[in-house]
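Structure first, then comments.
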Amino acid sequence: MVDEGTRKTLSNIPLLKTKAGPRDKELWVERLKEEYQSLIKYVQNNKAADNDWFRLESNKEGTKWFGKCWCIHDLLKYEFDVEFDIPVTYPTTAPEIALPELDGKTAKMYRGGKICLSDHFKPLWARNVPKFGIGHAMALGLGPWLAVEIPDLIAKGVITYKEKTG
Amino acid sequence: MADWEEVKRLAADFQKVQLSSTTQRLSERNCIEIVSWLLEHKMIDLIFTSDGKEYLTPSQLISEIKGELYDNGGRVNLVELSKSLGVDLGHINAHINDILKGQKDIQSVLGQLIDSSYITRIAGEINEKLSQQGQINVSDLTIQYDLPADFLQQILEKNLGKLIFGKQDQNDPKVFFTESFIARSKAKIRGALAGLTRPTPVASILSHIGMSEKLFFSLFDQTSMFGSLTGRMAGAQYIPNVYARSQSEWVNNFYKQNGYLEFDALTRLGISDYKAYIKKQLANEEILLLNSCVISKNILERVDADIDECISSKSYVDLQSNLPSVFNEKDLQAILDSVLTGQKYQQTIVVDTYVISKSFIDNLSKNCDELVKEKAKRIVESGKYQQHQISLQTPQVKSQKFEDLDEKVDKREERRKKAAGGKSGGGTQGRETKTKSTKKQSKPTSKGNDDDTDILEKKTSLEVVTADDIKTVIQNTLEDEGLDDLIEPLTEYLLPRLNEQGLEIAANIYATTVADRTANRRQTHNELQNKLNALVGDVRLFEKGVKLLSNDLQPLLIKYLLKTLCTDIVTEILNYVAAEQNSSIVTDNFNNDQRLKFVNDLPAEFKGPLLPLVKSLTGQNIDDFMTAVEDGLSSCNRTIILNHKHQLLEQLNQCEDLALVLHLATLVIFTTATQCMLHASGRHVAGLLAFLKQYLAEEQYAELTSYHDFVTLMLSAGSEAENAKEKLKEKVTTIKNIANEFKKPGVEKS
C-alpha cells in the first residue's frame with residue numbers, strides 16, 4: 001500500500017497534536033501553526049533530498065490552499081495547478097485535493113478535478129486523526145497519485161508537454 | 001492576535017522555504033545513470049557486486065581474492081569466495097585465470113584455489129599420519145581432505161622422500177607405508193600363524209591381529225611358512241603345517257592300528273570332505289567304504305576267517321563282539337554282504353549281529369525232534385490234523401470228506417487193532433496218499449520274521465509245535481552258550497521248520513493209521529452183517545411164535561417185537577449209515593421222531609429205502625418191516641460191493657492165468673453193471689456173458705465171447721490149444737481193459 005520511500009518520507013514529516021478545525025477559533029490558530037511548521041519541515045526535507053515537487057500558499061485564515069505541483073517524466077517537467085479547501089470537520093475529514101486542469105481527463109478523479117483518494121488514503125487518514133496534516137495529505141495523497149497517473153496520462157497523450165518558464 | 005501574527009510569520013517562512021534554491025545534489029539515481037553510461041561507452045571497466053550497489057575494479061577483485069586465499073590458509077572454495085566478496089561467481093571465474101597466470105604456486109582444483117603453502121602443510125600432515133599409522137591410503141585421504149585422489153596422489157608422489165617418508169606399495173600405488181610398519185605387520189602375522197595349531201579361518205586371524213585382508217595376503221608369502229592357506233579369498237582357511245601333519249599322522253596311525261577309520265572321527269578332526277580325504281590319504285590301501293567308516297581288507301579277512309571257523313566248528317560268531325564297537329548296523333550289514341558270498345551264505349544264518357552256522361541250528365532242531373514227534377502224534381490222535389486237512393481240502397470232492405471224518409470216528413478202535421491190519425487197502429487209500437502229498441507242501445505261516453527263509457505263506461496253518469515249546473527246549477542250550485538274546489529270533493526261525501517237519505511226521509503217522517483203519521472197517525461190516533442176520537433170524541422165529549397166539553394178543557406182541565428187536569435192528573442200520581456218512585451221531589437212544597429227522601437229512605440213496613424202514617417200526621406188520629429191512633440193508637451193502645469190485649479188479653490186474661482173467665473180468669463187469677455181487681465158478685461164465693450182453697457194447701461183447709471161445713478151445717486141450725493160448729495172450733490186455741474201463745451200465749445204455 002505504501003512503498004518504502006513514501007514511508008520514509010512520511011516518518012520525516014513532524015506529526016501534529018492539536019485536534020481543531022477552522023471553526024475552533026483559538027485552537028485552529030494553534031493547529032494552523034502546527035500545519036505550517038510541519039509543511040516547512042517537509043519542504044526542507046524535500047529540498048535537501050533534491051526532491052522538491054510543489055509550491056503551496058493559503059489565504060489568511062488558512063482555510064483555502066492553492067499552488068502548483070509538478071513531476072518530471074523523461075527529463076521533461078509537467079506542471080499542474082493544485083487547490084483545496086480545509087473542510088469544516090477537519091481534521092477528521094481529509095482535505096480533497098483537486099487538479100482542475102485535469103478535470104474530465106482521467107477516471108481517477110471526481111467532478112471538479114478532485115483526485116480519487118478514497119481507497120487507501122482515507123482509511124489511513126482516519127486512523128491517524130489528528131496526527132496527520134496537510135503535509136501528510138500531500139505526501140500520501142497527491143504524491144503517489146501523480147507518480148501513477150501522470151506517466152499514464154502522458155502515454156495516452158491526454159497531457160502534452162508545455163514549455164513553461166516557471 | 002499574537003497567534004495570527006505568528007501564523008502569518010509562519011506562512012511567510014513557508015514561502016521562504018519553498019522559494020529557497022534546491023541543493024544541487026547528484027542523486028544515487030543520477031550516479032548509476034552516469035556510471036552505466038560510462039560503462040556502456042567502455043570508458044571504464046568495472047565489476048558489479050552481487051547486490052548491484054557497489055563496483056569493483058578487476059585488480060581490486062584479484063587482490064581481494066588473494067587476500068581471502070591467504071586468510072583461509074591457502075585453500076579457498078570459489079563459491080565461498082563469491083559469497084564472502086559479494087561478487088558474482090562468473091566474475092570470479094573470469095578472473096581466476098589472471099590469478100593463476102600471475103602466480104605459479106596457486107592451483108585451481110575442483111572449484112577451489114590452493115596454494116603451495118597449503119600443499120606443504122598437508123604433506124606434513126600426511127607424513128605425520130603415516131608415521132603414526134604406519135600405512136596410509138589415498139582413498140582415506142580423499143575423504144579426509146575432500147580433494148580428488150589424483151591430486152593427492154600427485155602430492156604424495158611429489159613429496160615422497162622429501163616431506164613424506166615412506167614407501168609406495170608396488171601392488172597398489174594408492175597405498176603408502178613405512179618400513180617399520182611392514183616389519184611390524186610381518187611380525188604380527190608370523191606370531192599369529194606360529195601360535196595356531198588348528199585350522200583357522202583367515203577372517204578370525206585378521207580380527208585378532210587387526211589387519212586388513214589385502215595386507216595379510218600380500219605379506220603372507222613373505223613371512224616364513226608354517227602352514228598353507230586354502231585360498232586367497234576372504235573365506236579362506238589357514239591350515240598350520242603342524243596340524244596337517246599331525247592330522248595325517250593320527251589318521252595313518254589309527255588306521256594302521258585298528259584297520260578302520262570312523263567318518264565321525266575325521267569330522268571331529270575338521271576334515272569335512274572325508275571321502276576325498278580318505279581317498280587321498282589311503283590311496284594305496286585296499287579299503288571298503290561303509291556307512292559310517294572305512295575298513296581295511298584285514299578286517300574283512302578276519303571276519304571271513306571267523307565265519308569260516310564258525311561254519312567248520314558248527315557254532316556261531318558274534319560280529320559285534322569280534323569287530324570294533326564303532327560299526328553300526330548298516331556297516332555290519334555291508335560287511336556281511338561283502339563277506340557272506342555263495343556257499344557261506346547258504347551255510348549260515350544271520351541274526352542281528354550273530355552269524356550262526358546252519359549246523360548249529362540243526363543241532364538245536366535235533367533237540368526238538370523228540371518234542372516234534374510227540375506233538376505230531378498228539379495232533380493226529382486228537383484229530384486236529386484231519387480237521388486241518390479238511391479245511392485245506394474243503395472245496396474238493398465230497399466223498400473224500402466222508403472218508404476222512406469216517407476214519408476219524410473209529411480211529412481209536414483202529415489204532416488198537418493196528419498190529420493186526422496189513423496194507424490190504426483198496427483204491428480209497430490211493431486217493432488219500434494223493435491228498436497227503438498236497439499237504440506236505442503246506443507249511444505254517446511264518447510269524448512275520450524277516451529271516452531269509454523262503455516260507456510260503458498259507459492262509460491256513462496247523463501249529464504242530466508252539467513257539468513256547470521250542471523256546472523251552474532250546475533255551476538251555478543257548479543259555480549255556482550265553483546266547484540268551486538269540487532265543488527269540490532262533491525260535492522264530494525254527495518254528496516254521498519244525499512245524500513243517502511235524503506236519504510230515506503227522507502225515508506219516510496218519511498214513512499208517514489209515515491203512516490200519518481200512519482193514520478194521522471190513523471187520524466191523526462183517527460183524528454188523530452177522531449181528532443183523534442173527535437179529536433178523538430171531539425176528540422171523542419170534543414172528544412164527546406170535547402167529548400161534550390168538551388174534552387178540554397178536555398185535556400187542558407184534559408191537560412189542562417191533563419196539564424191541566426190530567428197533568435194535570434199525571438202530572444198528574442207522575448207526576452204520578451214520579458212520580458211513582461221517583456223522584458221529586449215535587442213534588441208540590433215539591425216539592421215532594429223531595430217527596425220522598435223521599433219515600430225512602440223509603442223502604437220497606439212503607433216504608429212499610431207510611424212510612419206509614423207520615416208518616414200518618410204528619406199523620403193525622412184521623412182514624412190512626422185513627421187506628423194509630431188506631431194502632435198507634441193500635443200500636448199506638454198496639460199500640461192500642464196491643470193495644468187492646476193487647478186490648476183483650486187483651486180482652484181475654495181477655492175474656496171469658488166461659482162463660481166470662475171463663472169469664474175473666466177467667465178475668467185475670457183472671458187479672459194476674448190476675451193483676450186485678455174484679459168486680460163480682468158471683463154468684458159469686458163458687451164461688453170465690449172455691446175461692451181460694444187454695449191458696455191453698457190441699464190440700466189447702464180441703471180444704469177450706471170442707475170448708471165451710478161445711478159452712474153451714484151450715481148455716479142451718485139443719490140437720489147437722497152443723494156438724488158442726497164443727491168441728489169448730494177445731487178448732488178455734484187451735479183456736483187462738474192458739473190465740477196468742467198464743463203468744456204469746446207465747452210461748452205456750443211454
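Residue numbers (UniProt numbering), protein chains in the order written: chain Z, 1 to 166; chain R, 1 to 750.
Using N, Cα and C, we set each Cβ at its ideal position, and we do this for glycine too.
Note that the structure is predicted; figures quoted are calculated from it, not measured.
Where residue i falls, given that 16 or more other Cβ within 10 Å makes a residue buried
i, result
"G133(Z)", "buried"
"G537(R)", "exposed"
"P100(Z)", "exposed"
"P95(Z)", "buried"
"Q18(R)", "buried"
"D516(R)", "buried"
"W65(Z)", "buried"
"N127(R)", "buried"
"R595(R)", "buried"
"P609(R)", "buried"
"N46(Z)", "buried"
"Y42(Z)", "buried"
"G62(Z)", "buried"
"Q347(R)", "buried"
"H708(R)", "buried"
"I569(R)", "buried"
"G141(Z)", "buried"
"K280(R)", "exposed"
"V372(R)", "buried"
"Q501(R)", "buried"
"E5(R)", "exposed"
"Q135(R)", "buried"
Cβ-Cβ separation, residue j to residue i (assumed contact under 8 Å), whole Å
i, j, result
"L503(R)", "I470(R)", "Not really, about 15 Å apart at Cβ, beyond 8 Å."
"I40(Z)", "F14(R)", "5 Å"
"L323(R)", "V351(R)", "Going by Cβ atoms, the distance from L323(R) to V351(R) rounds to 16 Å, so no, they are not a contact pair."
"G111(R)", "N77(R)", "6 Å"
"P240(R)", "L196(R)", "5 Å"
"residue 751(R)", "I356(R)", "Since the first residue shown for chain R is 1 and the last is 750, residue 751(R) is missing from the structure and cannot be characterised."
One or two residues paired with residue i in a DSSP bridge
i, result
"P489(R)", "Paired residues: none, contrary to the question."
"F176(R)", "I136(R), Q168(R)"
"Y238(R)", "T200(R), L229(R)"
"V76(R)", "L113(R)"
"N65(Z)", "According to the sequence shown, residue 65(Z) is Trp rather than Asn. W65(Z) is bridged to S58(Z), F84(Z)."
"L288(R)", "I295(R)"
"W70(Z)", "E79(Z)"
"residue 752(R)", "A query on residue 752(R) cannot be resolved here, the shown segment of chain R reaching from 1 to 750 and no further."
"E262(R)", "C293(R)"
"L160(R)", "I164(R)"
Whole-angstrom distance between residue j and residue i, CA atom to CA atom
i, j, result
"G21(Z)", "R29(R)", "41 Å"
"Q44(Z)", "A147(Z)", "21 Å"
"S442(R)", "L528(R)", "Its pLDDT being 41, under 50, S442(R) is placed unreliably in this model, and the value from its coordinates should be taken loosely. Roughly 39 Å separates the two Cα atoms."
"L728(R)", "Y701(R)", "16 Å"
"L340(R)", "Q651(R)", "59 Å"
"V668(R)", "K358(R)", "56 Å"
"L15(Z)", "K131(Z)", "5 Å"
"N298(R)", "R268(R)", "25 Å"
"V79(R)", "E68(R)", "12 Å"
"N621(R)", "T712(R)", "52 Å"
"D273(R)", "L486(R)", "39 Å"
"L89(R)", "D45(R)", "18 Å"
"E179(R)", "L160(R)", "14 Å"
"D169(R)", "Q144(R)", "20 Å"
"N97(R)", "G86(R)", "19 Å"
"R378(R)", "I509(R)", "10 Å"
Interface flag, residue i vs chain C, CB-CB below 8 Å
i, result
"S36(R)", "The structure shown has no chain C; the protein chains it does contain are Z and R."
Near the ligand SAH: residue i beta-carbon under 7 Å from a heavy atom
i, result
"M677(R)", "The model on display carries no ligand, and the ligand SAH is accordingly not part of it."
Please give the ranges of any alpha helix (DSSP H) in the stretch 311-369 of chain R, keeping only runs that are unbroken, at least 4 residues long and fully inside the region. 319-322, 329-339, 342-347
- Every unbroken alpha helix (DSSP H) within the stretch 73-127 of chain Z, with a cutoff of 4 residues, ordered by chain: 121-127
What are the start and end residues of each continuous alpha helix (DSSP H) run of 4 or more residues lying completely inside the UniProt domain "E3 UFM1-protein ligase-like C-terminal" (638-734) of chain R, in chain order? 638-654, 658-674, 685-692, 698-715
key: Runs of alpha helix (DSSP H) wholly within the stretch 44-104 of chain R (minimum 4 residues, chain order)   = 58-71, 78-85, 89-102
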